[in-house]
Each structure stands twice: as C-alpha cells, then as structure tokens.
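Enquirer: Dropping a structure here in structure tokens format, bear with me for questions.
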C-alpha cells in the first residue's frame with residue numbers, strides 16, 4: 001500500500017495535469033459569485049492580469065450583447081443554488097470575440113449554506129459557429145423556398161455572415177445586367193445614408209473594396225481604409241460613418257459570371273485571420289447558390305410571363321379538313337408563320353413545309369385517324385418563313401353527322417418549339433455533366449451496360465477506365481474553384497482527344513472521370529490507352545501565369561464475352577483505381593483478383609487501427625540514439641507500437657495502411673503526440689537528461705494547414721521546451737503539389753526551436769535538393785547503407801560522403817540500423833557522432849527509459 005504522502009503527491013500531480021492539460025479552465029467564486037481563483041489557462045485567453053480579473057473584473061471582457069443574459073442567469077442560480085450554465089462571448093488578446101460556456105455548481109456547509117461556487121470555462125467557439133451557420137442556412141433556405149422578396153433573403157444572408165464573423169457589418173451589392181454598376185441588395189446594420197451613397201456604384205479599379213472586387217473578380221482586403229489607396233475617392237464617406245476596414249469578395253455564379261459583392265465592414269482596422277477567411281469562403285459559396293437560385297427563379301417567372309403573353313398575342317393556327325383529310329381552310333396566320341400562301345397549303349400541299357424526317361410518321365398518324373376516326377395528335381417540325389424549323393403540335397377531332405359519318409375535321413397548329421427545346425435541354429442535362437459537357441454517371445452506366453450486353457453476344461472485349469484527377473483539391477485550395485473548373489475542363493478535352501470516336505468519355509464525380517473502351521483487343525490495348533492518357537496529362541495547364549497539375553491516376557478492368565456484368569466491371573475498375581492511388585499517384589493499375597485480398601487486408605488494418613485509437617492501445621516505444629564510443633545518450637526516437645489486450649505488444653506493420661488515411665492517419669499521429677508529450681513531461685519533472693525526442697510525422701498530417709501551430713500549442717500546454725523535441729520526416733512528404741504547405745510548417749517549427757530531421761536519407765528522389773530547400777537540422781543515414789558497411793566498399797563510400805556533406809553544411813548525422821560492434825566502430829572512425837540500432841539499444845516502453853538512462857551514465 002502506498003504511503004499517505006505518496007498518495008497525496010500523486011493526487012496533487014493528477015490535479016495539476018488535469019488543470020494544465022485540460023482545455024477547460026477551472027475557477028472558484030464566493031457565494032455572491034465574485035471570482036476568488038482561476039486556472040492558469042486564463043492567461044492564454046486575455047491580456048488582463050490575474051488581479052484584474054478577480055471579483056467581477058473579468059466581466060469587462062464579456063460581449064456587451066451577452067452581459068444582460070449572463071447576469072440574469074447568474075442571479076437565478078445565486079438565489080436558488082441551482083447549477084449554473086451560460087454561453088457568452090469573451091474578448092481575446094487580439095480584440096476578437098470567441099464563444100465560451102461556463103458551468104458551475106455550489107458547495108454547501110453542514111447547514112446547507114453556500115460557501116463556494118466551483119466552475120469551469122470551456123471554449124465552444126467552433127461548435128457555436130457551426131450551429132449558428134446551420135440555423136442560418138436553414139432560415140435563408142426557408143425564406144427562399146417561401147418566395148420571400150430577394151431583399152429579405154439577402155438580409156438573411158447578411159445576418160448569417162455576421163453570426164460567423166464577430167463585429168462585422170455585412171453588405172451585399174448586386175451587379176446590374178449591364179455588368180457595370182452595383183446596386184444595393186442588403187446591409188441591415190450599415191447606415192442608410194452610406195448605403196444610399198453606394199447605389200449605382202460603377203465598378204472599376206480603385207473603386208473601394210466592392211467596386212474593385214467586382215471589376216477584378218478577386219478578394220479585396222482593405223485592412224485600414226484610412227491608408228488604403230483603393231479608397232482614395234471614398235475614404236471620407238467611409239470614415240464619416242465609422243467604417244475603418246472593409247473585406248470584399250466577388251459573388252460568382254457557377255458559370256463564372258459576377259453576381260455581385262459580399263463585403264464585411266469593421267469599426268477598427270483589421271486583417272482577416274485564416275479561420276475568418278475559411279468562414280467567409282463558406283458563407284460566400286452559400287450566398288452564390290442562393291442568389292443564383294433567386295435570379296434563375298426570377299428569370300423563369302419572366303420567361304413564363306413572356307410565354308403567356310406570346311400565347312395571348314399569337315393564338316394557335318386553326319384549320320379544317322374534309323373527311324378524306326384534305327385541308328380546305330386555314331387561318332391567315334399560316335402564311336405569316338410559313339410564308340406559304342394558303343391556297344398552296346390546301347389539299348395536301350402543307351406537307352411540303354414539314355421537315356423531311358417528320359413526314360412519314362406524320363402521314364402515318366394522320367392516315368390512322370382518318371381510317372379510325374380517332375383524335376389526331378402529333379408533333380412535327382415546320383419550315384418557317386425565314387427557312388428555320390420550329391416544332392409545332394397538330395391536333396384535330398372529327399365532327400360527325402347524326403348518322404355517325406365524319407363530315408369535317410377541325411384542328412389547330414400550336415407552336416411548341418420552346419417547350420421541345422427545353423425538354424431536350426433537360427434530357428441533355430439529365431445525362432451530361434454541366435461543367436465539361438461530357439456524359440454523366442447515368443449515361444456512362446447505360447453505355448457500359450449496352451457494351452457489356454453486346455459483348456456477351458459477339459464475344460467482344462470491353463474495357464473500362466476509372467480516372468482520378470490527383471491534385472484537383474490542391475488546385476482548388478491554392479488558386480480557387482475557377483482554376484479547378486478550368487482544370488476539369490482541360491482534363492475532359494485531353495481525354496476526348498486521346499480516346500477513339502467509338503469510346504465514351506464521362507465525368508462521374510467531382511474529380512473522377514471514366515472511359516468505356518468499345519471492342520478492344522485485350523489487356524494490352526487497355527493498358528496502352530491508359531498509358532497514352534497518363535502521358536497526355538503530364539503536361540501542366542498554363543492559366544493566368546500559373547501552372548495547374550493535370551496528372552491523373554487510372555484503374556482499369558475488362559469484360560470479355562460473357563464475363564462479369566456491368567456492376568462487377570464497375571467495382572473492379574474502382575478497386576484498381578484505389579490501388580493505383582494507394583501505391584503512388586500518377587500510375588495505371590489493371591484489376592487483378594489479388595487486389596480483393598489486398599483490399600481485405602487493408603480494411604482489416606483500418607479496423608484494427610480504429611480499435612487501437614478508440615481503446616487507447618497506441619503506445620510509443622523509445623529507441624536510444626547514442627555516441628558509438630562513449631555510449632552517451634543523444635536522444636530517443638519514439639516508435640509506434642500498439643498493445644493488444646490478449647496478444648500483447650504488436651508491430652506497427654499490422655496497421656501501417658491506416659497511416660496514409662487522411663482521417664485515421666491524423667488521429668493516430670495526435671494520439672502518439674499526446675502519449676509522447678505525457679512521457680516527456682514526466683521525465684522533465686524527474687530531472688532526467690534524455691536529449692531530444694524524435695516524433696515521426698506522416699505525409700497526411702501535413703495536409704492540415706495548422707499542423708505546426710497545433711504541435712507548438714500542444715508543447716505549450718505540456719510546458720515542454722521546443723528544444724526537447726525533434727520532428728522526423730521522410731522525403732515522401734516533400735513530393736507532390738503540397739510541398740509548399742510542408743515547407744511552411746517545417747519553417748514555422750524550426751523558427752520556434754524544434755529540430756527537423758530527415759529520415760532514410762539517400763533513398764529518396766531529390767535528397768540534396770531537399771537539404772537546400774527545407775530547414776533540415778539532422779539527416780539519418782538509411783540502414784540499407786549501414787547493414788553492409790563493413791563488407792561493401794560502395795556503402796562505405798556513400799556513408800563517408802554523407803558525413804562529409806553534412807559536416808560542410810553544419811547538419812548533424814545519425815546512422816540507423818547499427819547492429820554490430822564492427823559497424824559502430826567503423827562509424828566512429830568515420831566521424832559519425834550518433835548511431836541508432838539494436839547493438840546499442842532496442843525500442844523500450846516509457847517505463848524503462850529512466851532505468852536505461854541511469855545505467856548508461
């Protein structure tokens with residue numbers, strides 16, 4: 001049994017970790033609600049001192065709109081002793097407001113009197129904004145669906161945006177059809193005199209934020225109107241209304257046309273944060289959808305009104321025929337429409353203005369009605385006076401004698417051209433992609449089914465390619481969705497120019513295309529077509545001085561004769577594409593049955609990894625890096641292991657496929673960092689000298705723009721100096737179009753004092769280039785060069801060369817995979833100061849590290 005003092009120390013340590021590492025901030029107040037103590041996390045929220053916030057001093061940071069609600073809620077709890085909960089906004093160190101939730105409960109003495117209130121403050125900013133956005137979207141959509149006036153819908157959009165950006169006052173200006181002037185749409189919280197002054201604003205360069213944004217079709221950020229040159233002619237107007245900053249974005253339709261501008265005004269100079277820009281992007285996209293929908297509905301109503309007037313002012317053309325079907329009379333409008341004199345149309349002369357393709361079916365239906373007496377109803381194209389053809393609907397019914405004999409046919413001719421064209425467009429839209437004009441998924445399935453069914457009868461071979469645009473997301477993120485749309489259109493054009501006329505090229509998803517290859521010779525021809533497409537896509541698209549990466553990954557499958565059906569071929573091509581993307585982007589994979597087993601193993605690894613994360617089985621082991629001669633410890637590398645409840649410690653290889661998953665890989669990395677920082681904090685508290693702890697980082701973790709900031713934030717929470725940590729990466733993270741994001745993250749970490757290590761040096765694609773471009777402090781010689789060091793002169797030369805290069809660049813070197821004394825001795829002779837491998841120390845759990853450190857002294 002532990003001694004009481006030990007238990008007390010453990011309890012105090014546990015409380016300290018709970019307070020310091022928790023994202024909630026604890027506080028204590030007297031019975032009247034005056035703050036007596038508050039957790040250290042408060043210092044990260046605001047810039048007022050600890051003494052200033054005590055009592056009710058902290059209330060000065062509460063948003064003025066939230067103060068009455070907070071006081072009312074607190075007053076009820078103080079009076080009743082019931083638990084207290086309230087959500088409100090607090091001003092942070094940058095002067096911005098964030099949403100927090102306070103919860104507290106009362107402590108009573110033996111008489112039941114309240115002696116203390118114990119509570120916490122929790123950051124709920126992101127969740128609250130998401131809820132406000134969801135409610136705002138629903139409110140605006142309800143208004144639009146209910147047919148509310150456009151101005152009311154736009155006001156709803158402004159309120160939605162203002163909920164997302166604290167302190168902003170929003171304005172929507174709409175671009176007139178002349179594409180030259182902006183008119184007021186909505187600005188519920190801007191002065192009416194200011195809105196009136198902007199009415200009819202002519203767009204152009206240096207016309208404030210909005211006029212310039214509409215003219216240049218890009219975001220215009222005026223952080224300080226008082227000094228911004230774009231506001232030279234509008235500065236006095238804005239400043240006189242208390243407006244000091246204006247961020248304006250053009251609202252773009254799917255076609256790329258400018259619909260208007262969305263502006264965000266502030267009463268003080270301000271530059272948007274990355275988080276605010278992300279929220280603006282979301283609001284802007286939604287606003288574009290709503291405004292475009294409202295505009296199309298207005299155009300539809302105008303079109304319907306125009307059509308109604310057309311019908312009223314241009315009545316149908318009446319006509320009559322004898323029982324044998326010969327036209328005997330027609331309205332004078334016949335001549336106005338067709339240019340054919342009425343006398344020439346009598347009898348069967350009218351047939352001469354019918355489109356040749358429509359004559360046989362029209363005559364057949366007219367003959368059927370004449371012989372049966374049934375009503376006549378058919379559509380056909382009529383050559384009009386200007387030589388063009390328009391669709392008309394001809395209808396007629398028989399007038400009979402009392403005896404039942406037909407004595408006359410009376411009919412009308414109705415212009416239905418617009419309706420038929422609209423129906424054709426709808427049919428086209430239902431089977432084609434609007435952006436590229438290619439067949440869509442529905443038509444692809446129809447064409448593929450027809451090809452597969454035909455192959456079953458003719459014993460032909462059909463090929464199917466699934467094509468994924470590798471870097472569409474990066475293009476959208478970096479250059480905007482206009483650039484992404486241009487990239488998709490270029491990929492579609494290149495696919496059509498590479499394939500054969502008999503093949504079907506379709507766009508089946510956001511970044512996914514497909515090609516049905518009709519009647520191929522076999523696998524070799526499918527592979528040759530795929531390689532031709534890959535080659536065609538390697539050339540980047542040049543657009544506006546920028547280079548857009550067109551590279552793709554391709555998965556393929558074939559159906560020979562009465563082989564697999566359409567749905568099975570789709571599954572096979574999709575599975576092949578998955579493997580092409582998993583192995584390495586920019587490649588072609590043809591389906592093989594072995595892919596199913598490999599996919600099953602991958603899915604199994606994903607399942608195990610999810611369990612390992614969920615049940616806390618992830619555990620870092622630590623392998624020492626030591627001086628080969630003295631045995632002095634230079635640090636440890638944290639290696640992932642997971643602990644099965646029955647089978648014990650397991651290798652990371654069993655869950656390795658999950659490391660590259662965009663979601664699961666990030667969660668695994670976060671769990672590893674949590675465990676590592678917990679261990680490091682313990683060693684620091686124990687006064688151990690452990691050097692630097694290397695944390696391996698996968699490529700997927702760098703896909704988060706805030707990776708570096710999150711790592712530094714976690715180090716701050718754990719109170720761990722950045723000099724204690726080393727971020728270790730392989731060269732694979734530098735490859736692809738995301739290298740700029742990786743470079744920014746590494747430079748941020750390096751500037752903060754975190755050491756950057758490059759693993760597996762010498763095995764990559766451009767190792768020396770990476771040393772020049774990225775802030776590398778340590779290179780680790782790959783074990784493939786160390787394993788044969790004592791026998792292979794080539795490996796020995798490479799190792800000496802790396803050591804010499806690193807020394808001239810001032811970069812540390814660690815040799816990996818040292819398993820013999822001879823290897824360690826030779827590396828020492830070459831001047832390698834740190835080595836790592838089983839010869840010096842195997843990976844060990846955190847509990848064994850202190851004993852290992854003490855024994856190595």
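Residue numbers (the UniProt record's numbering): 1 to 857.
Using N, Cα and C, we set each Cβ at its ideal position, and we do this for glycine too.
All values derive from a computational prediction rather than experimental measurement.
Using a threshold of 8 angstroms, state whether the C-beta atoms of residue 770 and residue 731 are closer than that.
Expert: Along the chain shown, one-based indexing puts residue 770 at 770. Along the chain shown, one-based indexing puts residue 731 at 731. Yes; because the gap between Cβ atoms is below 8 angstroms, this pair is in contact.
Enquirer: For residue 297, does the count of other Cβ atoms within 10 angstroms reach 16, so buried, or fall short, so exposed?
Expert: Position 297 of the chain shown, counting from 1, holds the residue named residue 297. Exposed, by the Cβ-count rule.
Enquirer: DSSP beta-bridge partners for residue 251?
Expert: Taking the first residue of the chain shown as 1, we reach residue 251 at position 251. Looking at the DSSP assignment, residue 251 forms a beta bridge with 260.
Enquirer: Three-state secondary structure (DSSP) at residue 915?
Expert: Only positions 1 to 857 of the chain appear in the structure, and residue 915 is not among them; the question remains open.
Enquirer: Residues in the same chain with beta-carbon distance under 7 angstroms from residue 45, minus the five sequence neighbours each way, listed in chain order, please.
Expert: Within the chain shown, the letter at position 45 stands for residue 45. For residue 45, where only same-chain residues beyond five positions count, the Cβ hits under 7 angstroms are 90 and 92.
Enquirer: Put residue 644 into one of helix, strand or coil per three-state DSSP.
Expert: As a working mapping, residue 644 is identified with position 644 in the chain shown. Residue 644: strand per DSSP, three-state reduction.
Enquirer: Since residue 473 is in the alpha helix (DSSP H), which residue starts that stretch and which ends it?
Expert: Translated into positions along the chain shown, residue 473 becomes position 473. Looking at the DSSP string, the run of the alpha helix (DSSP H) that includes residue 473 is 472–479.
Enquirer: For residue 406, report the span of its beta strand (DSSP E) as first-last.
Expert: Residue 406 sits at position 406 when you count from the first residue of the chain shown. Taken as a continuous stretch (DSSP letters only), the beta strand (DSSP E) holding residue 406 covers 406–415.
Enquirer: Which two residues bound the contiguous beta strand (DSSP E) that contains residue 632?
Expert: Here residue 632 refers to the residue found at position 632 of the chain shown. Looking at the DSSP string, residue 632 is not in any beta strand (DSSP E), and its letter there is neither H nor E.
Enquirer: By DSSP, does residue 236 sit in helix, in strand, or in coil?
Expert: The residue labelled residue 236 in the question sits at position 236 within the chain shown. Helix at residue 236.
Enquirer: Quick one: what's got a C-beta closer than 8 angstroms to residue 237's C-beta in the same chain, skipping five residues either side?
Expert: Numbered from 1 along the chain shown, position 237 holds the residue referred to as residue 237. 194 and 197.
Enquirer: At the level of alpha carbons, what is the spacing between residue 267 and residue 223?
Expert: Locating residue 267 in the chain shown gives position 267, counting from the first residue. Locating residue 223 in the chain shown gives position 223, counting from the first residue. Looking at the two C-alpha atoms, the distance is approximately 11 angstroms.
Enquirer: In chain order, what residues of the same chain lie with their CB nearer than 6 angstroms to the CB of residue 380, ignoring the 5 residues before and after it?
Expert: If you number the chain shown from 1, residue 380 lands on position 380. Closer than 6 angstroms at Cβ, skipping near neighbours: 354, 358 and 362.
Enquirer: Is residue 129 near residue 140, with beta carbons less than 8 angstroms apart?
Expert: Reading the chain shown from its first residue, position 129 is the one you call residue 129. Reading the chain shown from its first residue, position 140 is the one you call residue 140. Not a contact, by the Cβ cut-off of 8 angstroms.
Enquirer: Report the option in 418, 545 and 82 whose CA atom is closest to the CA atom of residue 391.
Expert: Locating residue 391 in the chain shown gives position 391, where the first residue counts as 1. Of the listed residues, the one whose Cα sits closest to residue 391 is 418.
Enquirer: For residue 48, name the three-state secondary structure that DSSP assigns.
Expert: What you label residue 48 is simply residue 48 of the chain shown in a count that begins at 1. Reduced to three states, the DSSP call for residue 48 is coil.
Enquirer: Run through the stretch 770–800 for me and flag every whole alpha helix (DSSP H) of 4 or more residues, listed as ranges in chain order.
Expert: DSSP runs (the alpha helix (DSSP H)) wholly in the stretch 770–800: 783–786.
Enquirer: Would you identify the three-state DSSP class for residue 314, choosing helix, strand or coil?
Expert: The residue given as residue 314 occupies position 314 in the chain shown. Residue placement at residue 314 is poorly supported in this model, since its pLDDT is 47, which falls under 50; the coordinates still yield a value, given next. Looking at residue 314 - three-state DSSP - the assignment turns out to be coil, as it is neither helix nor strand.
Enquirer: Do residue 626 and residue 284 have their C-beta atoms within less than 8 angstroms of each other?
Expert: Here residue 626 is taken as the residue at index 626 of the chain shown, counted from 1. Here residue 284 is taken as the residue at index 284 of the chain shown, counted from 1. The answer is no: Cβ separation not under 8 angstroms.
Enquirer: Measure the C-alpha to C-alpha separation of residue 287 and residue 543 and round it to an integer number of angstroms.
Expert: On the chain shown, residue 287 is found 287 positions in, with the first residue counted as 1. On the chain shown, residue 543 is found 543 positions in, with the first residue counted as 1. Residue 287 and residue 543: Cα-Cα distance of roughly 27 angstroms.
Enquirer: Apart from the five residues on each side of it in sequence, which residues of its chain come closer than 7 angstroms, Cβ to Cβ, to residue 328?
Expert: Position 328 of the chain shown, counting from 1, holds the residue named residue 328. 320, 321, 322 and 346, listed in sequence order.
Enquirer: Does DSSP put residue 837 in a helix, in a strand, or in coil?
Expert: Taking the first residue of the chain shown as position 1, residue 837 is located at position 837. In this structure, residue 837 counts as coil in the three-state DSSP scheme.
Enquirer: State the Cα-Cα distance for the pair residue 99 and residue 41, rounded to the nearest angstrom.
Expert: Start at 1 with the first residue of the chain shown, and residue 99 comes out as number 99. Start at 1 with the first residue of the chain shown, and residue 41 comes out as number 41. If I take the Cα positions, the gap works out to 16 angstroms.
Enquirer: Which residue wins for smallest C-alpha separation from residue 872, given the options 519, 84, 271 and 664?
Expert: Lying before the first or after the last residue shown, residue 872 is absent from the chain, which here runs from 1 to 857.
Enquirer: So, under 8 angstroms CB-CB, residue 440 and residue 516 are touching, yes? Tell me the CB distance rounded to an integer number of Å.
Expert: Position 440 of the chain shown, counted from the start, is the residue given in the question as residue 440. Position 516 of the chain shown, counted from the start, is the residue given in the question as residue 516. Not a contact, Cβ separation roughly 13 angstroms.
Enquirer: Look up residue 341 in the DSSP assignment and say whether it is helix, strand or coil.
Expert: Taking the chain shown and counting its residues from 1, the one referred to as residue 341 is at position 341. Residue 341: coil per DSSP, three-state reduction.
Enquirer: How many angstroms separate the CA atom of residue 242 from the CA atom of residue 174?
Expert: Translated into the one-based positions of the chain shown, residue 242 becomes position 242. Translated into the one-based positions of the chain shown, residue 174 becomes position 174. Those two C-alpha atoms are separated by around 23 angstroms.
Enquirer: Could you tell me whether the Cβ atoms of residue 633 and residue 674 are closer together than 8 angstroms?
Expert: Taking the first residue of the chain shown as 1, we reach residue 633 at position 633. Taking the first residue of the chain shown as 1, we reach residue 674 at position 674. Contact: no.
Enquirer: Pull up the DSSP beta-bridge partners for residue 27, would you.
Expert: Along the chain shown, read from residue 1 onward, the residue named residue 27 stands at position 27. Looking at the DSSP assignment, residue 27 forms a beta bridge with 38 and 119.
Enquirer: Could you work out which residue in 250, 572, 397 and 423 is closest to residue 412 when comparing CA atoms only?
Expert: Within the chain shown, the letter at position 412 stands for residue 412. Nearest option by C-alpha distance: 397.
Enquirer: What would DSSP say about residue 419, mapped onto helix, strand or coil?
Expert: Along the chain shown, read from residue 1 onward, the residue named residue 419 stands at position 419. Reduced to three states, the DSSP call for residue 419 is helix.
Enquirer: What's the C-alpha gap between residue 778 and residue 749?
Expert: As a working mapping, residue 778 is identified with position 778 in the chain shown. As a working mapping, residue 749 is identified with position 749 in the chain shown. Distance between the alpha carbons of residue 778 and residue 749: 14 angstroms.
Enquirer: Tell whether a beta-carbon distance below 8 angstroms holds between residue 757 and residue 726.
Expert: In the chain shown, counting from the first residue as 1, residue 757 sits at position 757. In the chain shown, counting from the first residue as 1, residue 726 sits at position 726. Cβ distance < 8 angstroms, so residue 757 and residue 726 count as in contact.
Enquirer: Just to confirm my understanding: we take residue 821, look at its own chain, exclude 5 residues before and 5 after, and list those with CB closer than 7 angstroms. What are they?
Expert: What you label residue 821 is simply residue 821 of the chain shown in a count that begins at 1. For residue 821, where only same-chain residues beyond five positions count, the Cβ hits under 7 angstroms are 839.
Enquirer: In three-state DSSP terms, what is residue 852?
Expert: By one-based count along the chain shown, residue 852 stands at place 852. In the structure shown, residue 852 sits in a helix (DSSP, three-state: H, G or I).
Enquirer: Is it the case that the Cβ atoms of residue 585 and residue 511 are separated by a distance below 8 angstroms?
Expert: Looking up residue 585 in the chain shown gives position 585. Looking up residue 511 in the chain shown gives position 511. The answer is no: Cβ separation not under 8 angstroms.
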